[in-house]
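Residue numbers (the numbering used here), protein chains in the order written: chain Z, -5 to 130; chain R, -5 to 130.
In this text, a Cβ means the ideal position worked out from N, Cα and C, and glycines have one as well.
Scroll down for the structure; my scribbles are underneath it.
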DNA sequence: GTCTTGGTTTAGACTTATTCTAAATGCAGA
DNA sequence: TCTGCATTTAGAATAAGTCTAAACCAAGAC
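Shown next as structure tokens:
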């Protein structure tokens, strides 16, 4: 994706495309990994002519989340990861390497708690976020 | 559950039942909430004749997790919650109050992303933990 | 072109959850 | 009773993330 396209993407979501935001967004769109804020800082800092502040990385990531351009992934309790894949999908965490893979929603049916084709599932967790309609 | 039963439970799982562990485990078994380590400390500290150290609460909770007596619940990125309900279930987070409810696995089918009987689901996330068998 | 305004970025201080450390404690077995 | 080893403790250390106040900068007003 070109820089101009990134700028358009940001504008379309109501985010003013500053240099920092463009380069962070570009990185997020271009990676399939699920980086932490610190990963983003490491990867992006050198691409900017000026110093990039940690606070700006956090600001920008939160900004992109609020704009609906990326989403948070909560798999570990001590750090937030981010994912620019906004399609309907879930996550598979390799407990040995910590690697996180995207699992398309339509593939879920094949992933039975016992054994899938490509994955051996030790455990899984479904978390719903929403509102209680009728409280017992 | 009586204190003797808690001790037996701990022994059965290979955990030496010290006074601190018994009282923490008892609290976990007795609550349906999903307390943080700090919640546990607040609730349990007064029940012990001696001071209870924060480190002991963390040690004990990790110990109970490793023993398979309780499990971690990861719904927020900045704190770990614990759950003594070891049955096959998932979680519903009320985004307004932060309240966490247990959803039995067999009830999942009724919880469609659109609307359930009792819950309005805004979003949900499934996270699998396991090993990659065949890596593409 | 300059001035003003409001949003953005910055460095560093701060907060908060969790882990680490080293000393004190206390049970279990000899 | 003595000894050894796991457990507990208080407080220091670590690390993710937020806050703050000052500097910066782009866009519109004049």
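Is any beta-carbon of chain Z found at less than 8 Å from that of residue i?
i	result
residue 64 (chain R)	no
residue 57 (chain R)	no
residue 73 (chain R)	yes
residue 6 (chain R)	no
residue 134 (chain R)	Chain R is shown only over -5 to 130; residue 134 (chain R) falls outside these bounds and no answer can be derived.
Starting from residue i, trace the alpha helix (DSSP H) in both directions and tell me its first and last residue.
i	result
residue 66 (chain R)	Here residue 66 (chain R) belongs to no alpha helix (DSSP H); instead the beta strand (DSSP E) covers 65 to 67.
residue 23 (chain R)	13 to 24
residue 33 (chain Z)	31 to 39
Taking 8 Å as the CB-CB cut-off, is residue i touching chain R?
i	result
residue 88 (chain Z)	yes
residue 51 (chain Z)	no
residue 84 (chain Z)	yes
residue 0 (chain Z)	no
Quick one: which chain R residues come within Cβ less than 9 Å of residue i?
i	result
residue 11 (chain Z)	Residues of chain R passing the Cβ test: none, with the nearest at roughly 27 Å.
residue 98 (chain Z)	Correct list: empty, because the minimum Cβ distance to chain R is about 12 Å.
residue 20 (chain Z)	Under the 9 Å cutoff, chain R gives no residues; its nearest Cβ is about 24 Å from residue 20 (chain Z).
residue 68 (chain Z)	68, 69, 70, 71, 119, 121
Run the CB neighbour count on residue i, radius 10 Å, all protein chains shown included, and call it buried at 16 or more, exposed below.
i	result
residue 2 (chain Z)	exposed
residue 85 (chain R)	buried
residue 28 (chain R)	buried
residue 44 (chain Z)	exposed
residue 54 (chain Z)	buried
Residues of chain R with CB closer than 7 Å to the CB of residue i, please, in chain order.
i	result
residue 127 (chain Z)	112, 113, 114
Can you give me the start and stop residues for the beta strand (DSSP E) that residue i sits inside?
i	result
residue 95 (chain R)	94 to 98
Could you please tell me which residues of the segment 108 to 124 of chain Z, in chain order, have their CB closer than 9 Å to any CB of chain R?
109, 110, 111, 112, 113, 114, 115, 116, 117, 118, 119, 120, 121, 122, 123, 124
So if I threshold CB-CB distances at 8 Å, which residues from the segment 23 to 43 of chain R count as touching chain Z?
none
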